[in-house]
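*Asks:* Got a structure for you, questions after.
In UniProt numbering, the protein residues as written are 1 to 629.
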């Protein structure tokens with residue numbers, strides 16, 4: 001049995017060793033983040049069960065309830081709720097509207113185009129999860145660089161950095177911000193309000209933006225675009241478009257043999273009754289009941305049918321084996337079958353060489369009725385098809401672009417005739433819910449910014465509203481909830497609580513004070529910021545934030561200063577993961593489309609870290625009125 005005098009140092013020593021091991025595992029990723037998080041929580045529970053931390057009232061400060069409380073922490077609930085809200089906005093195409101506006105405004109000047117795009121990314125990232133924002137703007141940046149004949153590698157990294165800088169300006173701009181705020185609340189300090197650090201955050205963002213526009217492009221390599229990743233693939237699908245009464249396609253005429261109103265789409269044939277009209281198209285004007293055979297990429301097809309799904313969706317009119325059109329449900333014309341209601345996803349499936357459907361047409365096998373998925377297009381590498389897709393005999397290796405409910409698409413994993421390409425799965429935009437999604441999102445922002453209700457409650461209610469209004473299905477919402485985020489946050493909160501309860505945070509704060517003895521409060525704050533900023537590039541930003549928040553509080557106490565500037569330093573420094581592709585998820589997102597290497601992030605990110613550090617070191621002491629001595 002360990003004596004009472006040795007118990008506290010023993011507990012603290014165990015915790016420091018565990019933290020070092022956890023940091024090493026997170027840095028090297030020798031084991032998965034999920035396993036590291038679960039193992040850490042399990043070790044903490046076991047250790048403090050046998051060696052409890054008892055306060056003066058006889059209460060166990062680190063019992064099972066306390067160590068597992070991270071799973072129900074308001075910060076975690078807020079982060080998950082905001083992820084669902086962001087998915088709802090993305091799914092309804094709200095971000096696409098803003099992105100298209102940027103493109104319309106920036107047709108001539110590349111500097112203005114990049115500036116406006118980065119500003120828009122910053123604004124979005126202040127209130128949304130950074131990853132979907134960056135993912136949305138990657139193809140837009142690719143389009144701009146192609147238009148201005150610039151290399152994507154000169155600008156792609158700027159999207160990631162702009163999203164991080166924008167996320168520093170509000171409480172919900174980053175999950176790291178929320179974690180620090182809620183950790184302060186658990187430590188008995190005042191939590192941050194929505195705009196409490198917006199002014200210093202804007203100073204950091206403006207300095208960073210100037211660097212991104214004037215210096216970073218000169219440091220970035222001039223490499224050709226990567227062929228993988230998020231960049232749109234060159235694969236073209238053959239699809240058939242029906243021109244219906246009232247369609248925007250009625251009356252379209254070609255110019256020079258092509259249809260300028262149908263960009264990025266190749267028209268292969270126009271079927272008009274029994275007549276097949278082949279290119280070049282000179283005097284053809286599209287009419288009602290025309291059937292157009294086209295070749296286009298997935299994104300071009302999605303743009304074509306946005307707001308007019310009946311163009312590509314053959315489920316609106318079912319075909320019998322004889323090819324005659326009949327209503328999907330007699331007496332209920334225009335009503336969709338139940339398996340095409342609700343949230344829809346697109347995916348690609350490849351026909352196996354030994355498949356029994358080889359040699360048969362889609363009509364013959366009844367694909368849509370058997371699998372409750374419709375086939376939007378067919379891709380065949382050997383030649384370009386000029387037939388109705390429902391009458392094309394299928395071959396092994398053909399790729400089908402399909403649409404259906406998530407559960408129906410998932411069911412194809414067990415189908416022996418096709419192979420589901422997991423990477424190809426993508427939710428469809430539902431523009432009819434844009435207004436509802438915008439109202440819900442703005443309501444959450446207004447409620448949390450005004451202080452009317454806590455941010456966790458606002459985010460939870462907003463996420464529930466997204467599901468209740470059928471913008472997202474329950475399955476869609478659950479798929480957004482990343483288990484890495486859940487487990488990492490729960491682990492970091494458990495470690496942070498243990499650091500505080502055992503006195504480990506106080507010990508480290510005292511050690512730092514000893515090393516910086518004689519330094520002014522501003523110098524100590526500056527050194528603390530730089531230490532965290534460098535650590536955030538080898539650790540998870542969330543782990544850095546939660547582990548060092550208790551140390552920041554104790555450091556402020558030791559200096560007899562307000563906690564706020566030190567807590568803000570934790571937020572900003574933890575977000576400064578610019579010098580490593582693993583430091584922040586958005587860095588990984590842009591790595592492939594920008595064709596970057598590890599040292600590219602070091603070369604461009606390190607100067608940005610030091611710039612933000614200098615800006616904070618000069619501005620924060622004045623803004624928070626720190627004493628000179």
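Built from N, CA and C at the ideal position, the CB exists for glycine as well. Quantities reported herein were computed from a predicted structural model and do not represent experimental measurements.
#1: Given a threshold of 16 other Cβ atoms within 10 Å of its Cβ, counted over all protein chains shown, does residue 622 qualify as buried or as exposed?
#2: Taking a contact to mean a Cβ-Cβ separation below 7 angstroms, would you say residue 496 touches residue 546 in this structure?
#3: With DSSP collapsed to three states, give me the class of residue 208.
#4: Using a threshold of 6 angstroms, is the CB atom of residue 185 nearer than that to any non-hydrogen atom of the ligand MG?
#5: Looking at residue 401: is its Cβ nearer than 7 angstroms to the Cβ of residue 377?
#6: Hey, how far is the Cα of residue 111 from the Cα of residue 141?
#7: If you compare alpha carbons, which of 404, 394, 350 is closest to residue 419?
#8: Put residue 377 into one of helix, strand or coil per three-state DSSP.
#9: Going by Cα to Cα distance, which pick from 579, 137, 28 is closest to residue 220?
#10: To the nearest angstrom, how far is the alpha carbon of residue 560 from that of residue 516?
#11: Find the nearest neighbour of residue 91 within the set 585, 537, 477, 567, judged by alpha-carbon distance.
#12: Given this structure, state the Cα-to-Cα distance separating residue 299 from residue 426, to the nearest angstrom.
#13: Is it true that the CB of residue 626 sits closer than 7 angstroms to the CB of residue 522?
#14: Counting pairs of beta carbons, one from the stretch 529–539 and one from the stretch 471–490, are three or more of them closer than 8 angstroms?
#15: Could you tell me the distance, in whole angstroms, from the CA atom of residue 237 to the CA atom of residue 245?
#16: Once DSSP output is grouped into helix, strand and coil, what is the label at residue 597?
#17: Using beta-carbon positions only, say whether residue 53 and residue 463 come within less than 7 angstroms of one another.
#18: Between residue 191 and residue 184, is the Cβ-Cβ spacing less than 7 angstroms?
#19: State the beta-bridge partners of residue 401 as determined by DSSP.
#20: Ignoring anything shorter than 4 residues or poking outside the stretch 64–138, list the alpha helix (DSSP H) runs there in chain order.
#21: From what residue to what residue does the beta strand (DSSP E) around residue 237 run?
#22: Buried or exposed: residue 368, going by 16 or more other Cβ atoms within 10 Å of its Cβ?
#23: Just to confirm before moving on: does the CB-CB distance between residue 437 and residue 471 stay below 7 angstroms?
#24: Using alpha carbons as the reference points, say which of 424, 87, 199 lies closest to residue 235.
#25: How big is the Cα-Cα spacing for residue 267 and residue 212?
#26: Along the chain, where does the alpha helix (DSSP H) that runs through residue 525 open and close?
#27: When DSSP labels each residue in this structure, what does residue 571 get in the three-state scheme?
#28: Ignore the nearest five residues each way along the sequence and tell me which others in residue 204's own chain have a CB closer than 7 angstroms to its CB.
#29: For residue 543, which residues from the same chain have a beta carbon less than 7 angstroms from its beta carbon, with the 5 sequence-adjacent residues on both sides left out?
#30: State the DSSP-derived secondary structure class of residue 261, mapped to helix, strand or coil.
#31: Where do the N-terminal and C-terminal ends of the alpha helix (DSSP H) with residue 438 fall, by residue?
#32: Output needed for residue 272: all residues of its chain with C-beta closer than 6 angstroms, excluding positions within five of it in sequence on either side, in chain order.
#33: What residues are listed by DSSP as bridge partners for residue 291?
#34: Tell me whether the stretch 449–458 and the stretch 504–512 touch, counting them as touching only if at least three CB pairs, one residue from each stretch, are closer than 8 angstroms.
#35: Taking the Cβ atom as the reference point for each residue, do residue 570 and residue 549 lie within a distance shorter than 7 angstroms?
#36: Among 361, 413, 416, which residue has its Cα nearest to the Cα of residue 393?
*Replies:* Based on what the coordinates show:
#1: It counts as exposed.
#2: Going by C-beta atoms, residue 496 is nearer than 7 angstroms to residue 546.
#3: Residue 208: helix per DSSP, three-state reduction.
#4: No copy of the ligand MG occurs in the structure displayed, which carries no ligand at all.
#5: Cβ distance < 7 angstroms, so residue 401 and residue 377 count as in contact.
#6: Pairing residue 111 with residue 141, the inter-Cα distance amounts to about 12 angstroms.
#7: If we check each option's Cα against that of residue 419, 350 comes out closest.
#8: If DSSP states are grouped into helix, strand and coil, residue 377 belongs with the strands.
#9: Of 579, 137, 28, the smallest CA-CA separation from residue 220 is found for 579.
#10: Taking C-alpha positions only, residue 560 is separated from residue 516 by approximately 15 angstroms.
#11: For the set 585, 537, 477, 567, the Cα lying nearest the Cα of residue 91 is the one of 477.
#12: One alpha carbon belongs to residue 299, the other to residue 426, and they sit about 11 angstroms apart.
#13: In terms of Cβ geometry, residue 522 and residue 626 form a close pair [threshold 7 angstroms].
#14: Result no; under three Cβ-Cβ pairs closer than 8 angstroms.
#15: So the alpha carbons of these two residues sit roughly 25 angstroms apart.
#16: The three-state reading of DSSP puts residue 597 in coil, since its state is none of H, G, I, E or B.
#17: No Cβ-Cβ contact shorter than 7 angstroms links residue 53 with residue 463.
#18: One thing to note: residue 191 has its Cβ within 7 angstroms of the Cβ of residue 184.
#19: BP columns for residue 401 point to 348, 377.
#20: As far as the stretch 64–138 is concerned, its whole alpha helix (DSSP H) runs of at least 4 residues are 64–67, 74–92, 94–105, 110–125.
#21: Boundaries of the beta strand (DSSP E) harbouring residue 237: 237–242, taken from the DSSP string.
#22: Result: buried.
#23: Remark: C-beta atoms of residue 437 and residue 471 approach each other more closely than 7 angstroms.
#24: Here the closest residue by C-alpha is 424.
#25: Straight-line measurement puts the Cα of residue 212 at about 42 angstroms from the Cα of residue 267.
#26: 521–535 is the extent of the alpha helix (DSSP H) around residue 525.
#27: Helix, per DSSP.
#28: Same-chain partners within the cutoff: 165, 168, 572, 612, 615, 616.
#29: Once the five neighbours on either side are set aside, the close Cβ partners of residue 543 are 26, 488, 492.
#30: If DSSP states are grouped into helix, strand and coil, residue 261 belongs with coil.
#31: First-last of the alpha helix (DSSP H) with residue 438: 434–449.
#32: Contacts found: 290.
#33: Partner(s): 242, 271.
#34: No contact exists between the stretch 449–458 and the stretch 504–512.
#35: Between residue 570 and residue 549, the CB-CB gap stays under 7 angstroms.
#36: Closest by alpha carbon: 361.
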